[in-house]
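Asks: Sequence order for the protein chains is A and B.
Here the first sequence stands for residues -13 to 245, numbered as in my numbering.
Here the second sequence stands for residues -13 to 245, numbered as in my numbering.
Idealized CB from N, CA, C, for every residue including glycine.
Please see the structure below; I have some questions.
Number of protein chains: 2
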Amino acid sequence: MVSKKKYIFTIDDDCFVAKDPSGKPINVLEQHIKNLLSPSTPFFFNTLYDPYREGTDFVRGYPFSLREGVTTATSHGLWMNIPDYDAPTQMVKPKERNTRFVDAVMTIPKGTLYPMCGMNLAFDRELIGPGMYFGLMGEGQPIGRYDDMWAGWCTKVICDHLGVGCKTGLPYVWHSKASNPFTNLRKEYKGIFWQEEIIPFFQNVTLSKTCTNAEECYIELADKVRKGLGHIDPYFTKLADGMIAWIEGWRMLNPAKTA
Amino acid sequence: MVSKKKYIFTIDDDCFVAKDPSGKPINVLEQHIKNLLSPSTPFFFNTLYDPYREGTDFVRGYPFSLREGVTTATSHGLWMNIPDYDAPTQMVKPKERNTRFVDAVMTIPKGTLYPMCGMNLAFDRELIGPGMYFGLMGEGQPIGRYDDMWAGWCTKVICDHLGVGCKTGLPYVWHSKASNPFTNLRKEYKGIFWQEEIIPFFQNVTLSKTCTNAEECYIELADKVRKGLGHIDPYFTKLADGMIAWIEGWRMLNPAKTA
C-alpha cells in the first residue's frame, strides 16, 4: 500500500486470465477501470444491473433523481474455476468448480454488507485506500483468511457513510488452484466463530457526520472496534491498535491529505 | 386475484417464451417455482449470487448463521428484447434491445427497494398476496403504469418487515413489442414526479411489531400512505381507501385467514 497511484488492483498469484463464453480472453484491468470510472447506484436496485453499461439503462420506476449515481470506490471481481469458499465448504464440496459466467456488474446496495475477496479487487486509493487495511492477520495471529473480509466490512461501512459505491461482478479471473482446506480451517476457525458477532457489529455501526473522508472514518471505526468487539477477545484491541498504526503510516506516506 | 392457488404467476400478453444462450426455450414456470421454493438471503450479499443454485454456494466470509436463508415470497423475472423502460427512456433510446442474458438469480437485500415489474412475476399468494394490489391506476385515474411499481414498493417493505425474501433475475421472457412512448408518457408523467416523494416515504416507513402477516401490514401501510402521502395529491387518499377496500375484498375471499 505504498503505491501513490489513484487506482489499485490486487490479484492473487494463482489467478490467471479467464475467457468469456465466446472464448475471448478477458481484459481484467479494462473492466475494473470501467467499473471504477462509471457511477454506482447504492440507493435503489436496478433490475437490469449496471445501468451505465452499453445496451442497458435504468428501468421503469427508477427515480430520476438517483440516475446520476455516485462515485465508485471499489470494483470487486469474481473467479471462474475454483470458487472462493471457506474451509468447511471446500471440505464438503471438494470438486465444485465455478463454470457459470454471469455477465453482470452491480452495485451492492447501501446498508448491505458483502464478503469482499482480495483475489481480484480494484479500488480508488484516494477515496477508500485508508479502509483497505489487510493487516494483523495470518502468521503469528489467531486468525487468517479474514484480512480481505475485514477490509471489506470496514470499507463498505465507510463507503455507505461517505455516499460512494461498491460494485461486484465482472471481471472474472481464472482461479487455478484450491488452497489446502485443512490449513485453511486452522486459519479460519476463530474467524468463522467470531464473525457471528462481527457482522452484527458492522451492520449496526454508525459513523459521525464529522467524518468526511475515509481516513477520519477509519480512525473512528478503530475506536468503535475497540469498544464494540474488545470483549470477544484481546485480539480485537490489538487489531484496533493496528488500525490506528496503519492510519499513522498512511499519513506519513500521504502528507498532503492531512495538511 | 380471486385465485386460491398458493403460487401466482402474472405475464403480459406481449411476452413469449425466450431462449437461453444455447438456444433452448426457457421454462419460465419451472424457474419461478425454483426461485420460490428455495430460500432467499436478504441479510447479507452473496457475491456468487443465489447460493442455492446447482454449482454454487455461499462464499468465504458469509456468516454460517444466515445460510439457512428465509422463505421466498416473490420471484421477479426479466425480459429479453424490449426492456421495461419508462416513456422518457423509450423516447431517448427507441432502438435499444436487451440482448444480455445474465445467468443469475439474486435476493434484493433487506432495506433496498426495487422497481417490480408485473410483466413476468411470480409470488406466494398466502405469504404476500395482500400486498399485491395493482389497483386504482390506469383508466380514469391520474396515473398509469405505476400499478406494479406500487405493489412492488408495498410488498418489499412488507417482506422486509416479515423477514421473507424477494428474488430477481431468471427466468427471462421474450418481450415482443414496445408500448407507445407518447401514450406511456401521458400515463406516467405524474408518477415520475410523484415517485420522487413516494420512494423516500417507502424507504423510511416502518411497520409495527404487532403486524405479523401481509394483511395486517397492508392495513397499517394504507394508514401510513394516507398520512404520509396525502399532501402530495388527493389521489393518495383515494389510493389509501382503495388499499383498505382491497383488503376487505381479500378477507371475504380468504375467510380462513382472518378467523
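So, for A245/A: in the same chain, excluding its five sequence neighbours on each side, which residues have a beta-carbon less than 6 Å away from its beta-carbon?
Replies: Taking the first sequence and counting its residues from 1, the one referred to as residue 245/A is at position 259. Low per-residue confidence applies at A245/A: pLDDT is 43, beneath 50, and the placement is therefore not dependable enough to give any value.
Asks: Determine contact between the segment 84 to 102 of chain B and the segment 44 to 53 of chain B, defined as no fewer than three beta-carbon pairs at a distance below 8 Å.
Replies: no
Asks: Report, in whole angstroms, the separation of the C-beta atoms of V211/B and L193/B, which I expect to be a contact under 8 Å.
Replies: Along the second sequence, one-based indexing puts residue 211/B at 225. Along the second sequence, one-based indexing puts residue 193/B at 207. Wrong, their Cβ atoms sit about 12 Å apart, outside the cutoff.
Asks: Indicate whether at least one CB of chain B lies closer than 8 Å to the CB of K243/A.
Replies: If you number the first sequence from 1, residue 243/A lands on position 257. Bear in mind that the predicted position of K243/A carries a pLDDT of just 49, short of 50, making it too unreliable to give a figure here.
Asks: Would you kindly work out how many angstroms separate the C-alpha atoms of N67/A and C203/B, rounded to a whole number?
Replies: Residue numbering aside, residue 67/A sits at position 81 when the first sequence is read from its first letter. Residue numbering aside, residue 203/B sits at position 217 when the second sequence is read from its first letter. Going from the Cα of N67/A to the Cα of C203/B covers about 44 Å.
Asks: Per DSSP, V91/B forms a beta bridge with which residues?
Replies: In the second sequence, counting from the first residue as 1, residue 91/B sits at position 105. Listed as beta-bridge partners of V91/B by DSSP are G155/B.
Asks: So T60/B packs on T141/B, CB below 8 Å; how close in whole Å?
Replies: By one-based count along the second sequence, residue 60/B stands at place 74. By one-based count along the second sequence, residue 141/B stands at place 155. Confirmed, about 6 Å.
Asks: What residues from chain B crowd round M135/A, counting only those whose CB sits closer than 7 Å?
Replies: Taking the first residue of the first sequence as 1, we reach residue 135/A at position 149. Contact of M135/A with chain B by beta-carbon distance below 7 Å involves G47.
Asks: Short check: CB of G121/A to CB of G228/A, under 8 Å?
Replies: Taking the first residue of the first sequence as position 1, residue 121/A is located at position 135. Taking the first residue of the first sequence as position 1, residue 228/A is located at position 242. In this structure, G228/A lies closer than 8 Å to G121/A by Cβ.
Asks: Given G124/A, which residues of its chain have a CB within under 6 Å of its CB, disregarding the five upstream and five downstream residues?
Replies: For the purposes of this step, residue 124/A is taken as the residue at position 138 of the first sequence. Excluding residues within five positions, the ones whose Cβ falls inside 6 Å are G130.
Asks: At 9 Å on the CB atoms, spell out the chain A contacts of G97/B, in chain order.
Replies: Taking the first residue of the second sequence as 1, we reach residue 97/B at position 111. Within chain A, the residues near G97/B are P95, K96, G97 and T98.
Asks: Would you say A90/B faces chain A, with C-beta separation under 8 Å as the test?
Replies: Taking the first residue of the second sequence as 1, we reach residue 90/B at position 104. Cβ-Cβ to chain A under 8 Å: yes for A90/B.
Asks: In its own chain, which residues sit with a C-beta less than 8 Å from the C-beta of C1/A, not counting the 5 before and 5 after it?
Replies: As a working note, residue 1/A is residue 15 in the first sequence. If we look at C1/A and ignore the five residues flanking it on each side, its Cβ neighbours are W65, M105, N106, V159, W160, H161 and S162.
Asks: Closest by CA to A108/A, which one among K10/A, K(-9)/A, I205/A and T223/A?
Replies: In the first sequence, counting from the first residue as 1, residue 108/A sits at position 122. That would be K(-9)/A, whose Cα lies nearest to the Cα of A108/A.
Asks: Which residue wins for smallest C-alpha separation from G126/B, given the options N32/B, W180/B, Y221/B and F168/B?
Replies: Working through the second sequence from its first residue, we reach residue 126/B at position 140. Comparing Cα positions, the closest option is Y221/B.
Asks: Indicate whether at least one CB of chain A lies closer than 8 Å to the CB of F187/B.
Replies: The residue given as residue 187/B occupies position 201 in the second sequence. Taking Cβ atoms only, chain A never reaches closer than 8 Å to F187/B, which makes this a no.
Asks: Indicate whether at least one CB of chain A lies closer than 8 Å to the CB of P80/B.
Replies: Counted from its first residue, the second sequence places residue 80/B at position 94. With 8 Å as the cut-off, P80/B does not count as an interface residue toward chain A.
Asks: Near G63/A, what residues of its chain come up, given a Cβ to Cβ distance below 6 Å and the 5 sequence neighbours on each side ignored?
Replies: Position 77 of the first sequence, counting from 1, holds the residue named residue 63/A. Same-chain partners within the cutoff: N106 and P157.
Asks: Could you give the first and the last residue of the continuous beta strand (DSSP E) run that contains H217/A?
Replies: Working through the first sequence from its first residue, we reach residue 217/A at position 231. Where H217/A is concerned, there is no enclosing beta strand (DSSP E), given that its DSSP letter is neither H nor E.
Asks: For N199/B, decide whether its Cβ has a neighbour in chain A, counting only Cβ atoms nearer than 8 Å.
Replies: Mapped onto the second sequence, residue 199/B falls at position 213. With 8 Å as the cut-off, N199/B does not count as an interface residue toward chain A.
Asks: Which residues of the segment 157 to 186 of chain B have a Cβ closer than 7 Å to any Cβ of chain A? Give them in chain order.
Replies: I178, Q181, E182 and I185
Asks: Name the two residues that bound the continuous beta strand (DSSP E) containing N240/B.
Replies: Taking the first residue of the second sequence as position 1, residue 240/B is located at position 254. Premise fails: N240/B is in no beta strand (DSSP E) and is neither H nor E.
Asks: Between L34/B and chain E, is there a C-beta pair that is closer than 8 Å?
Replies: This model lacks chain E altogether; the protein chains it does include are A and B.
Asks: Report yes if the CB atom of L113/B is closer than 8 Å to the CB atom of T57/B, and no otherwise.
Replies: If you number the second sequence from 1, residue 113/B lands on position 127. If you number the second sequence from 1, residue 57/B lands on position 71. T57/B sits close to L113/B, with the two beta carbons spaced by under 8 Å.
Asks: Confirm, please, whether the CB-CB distance from A73/A to E206/A is below 8 Å.
Replies: Taking the first sequence and counting its residues from 1, one reaches residue 206/A at position 220. Taking the first sequence and counting its residues from 1, one reaches residue 73/A at position 87. Cβ distance not < 8 Å, so E206/A and A73/A don't count as in contact.
Asks: In this structure, how does DSSP classify N13/A when only helix, strand and coil are distinguished?
Replies: Along the first sequence, read from residue 1 onward, the residue named residue 13/A stands at position 27. Three-state result, N13/A: coil.
Asks: Mind pulling the alpha helix (DSSP H) runs of 4 or more residues that sit fully within the segment 49 to 79 of chain B?
Replies: 73 to 78
Asks: If you measure from the beta carbon of F30/A to each beta carbon in chain B, is any gap under 8 Å?
Replies: One-based indexing of the first sequence puts residue 30/A at position 44. Answer yes: the Cβ-Cβ gap between F30/A and chain B drops below 8 Å somewhere.
Asks: Throw me the rounded Cβ distance for the T27/A and G55/A pair, which I believe falls under 8 Å.
Replies: Locating residue 27/A in the first sequence gives position 41, counting from the first residue. Locating residue 55/A in the first sequence gives position 69, counting from the first residue. Confirmed, Cβ separation roughly 5 Å.
Asks: Any C-beta of chain B within less than 7 Å: which residues of the segment 58 to 78 of chain A qualify?
Replies: H62, L64, P69, D70, Y71, D72 and T75
Asks: Would you mind telling me which residues of chain B sit closer than 7 Å to T85/A, beta carbon to beta carbon, in chain order?
Replies: To locate residue 85/A, count along the first sequence from 1; it is residue 99. Chain B residues near T85/A: G41.
Asks: Rounded to whole angstroms, what is the Cα-Cα separation between K243/A and I218/A?
Replies: Mapped onto the first sequence, residue 243/A falls at position 257. Mapped onto the first sequence, residue 218/A falls at position 232. Low confidence applies to K243/A: its pLDDT is 49, below 50, so where it sits in the model is not reliable enough to give any reading.
Asks: Rounded to a whole number of angstroms, what is the C-alpha to C-alpha distance between I94/B and Q76/B?
Replies: Translated into positions along the second sequence, residue 94/B becomes position 108. Translated into positions along the second sequence, residue 76/B becomes position 90. Cα-Cα distance, rounded: 25 Å.
Asks: I'd like to know whether the C-beta of T256/A is nearer than 8 Å to at least one C-beta of chain B.
Replies: Outside the displayed span of chain A (-13 to 245) sits residue 256/A, for which this structure offers no information.
Asks: Look up V211/B in the DSSP assignment and say whether it is helix, strand or coil.
Replies: Translated into positions along the second sequence, residue 211/B becomes position 225. DSSP places V211/B in helix when its eight states are reduced to three.
Asks: Expressed to the nearest angstrom, what Euclidean distance is found between the alpha-carbon atoms of I178/A and A164/A?
Replies: As a position in the first sequence, residue 178/A is number 192, starting the count at 1. As a position in the first sequence, residue 164/A is number 178, starting the count at 1. In a straight line, the C-alpha of I178/A is about 19 Å away from that of A164/A.
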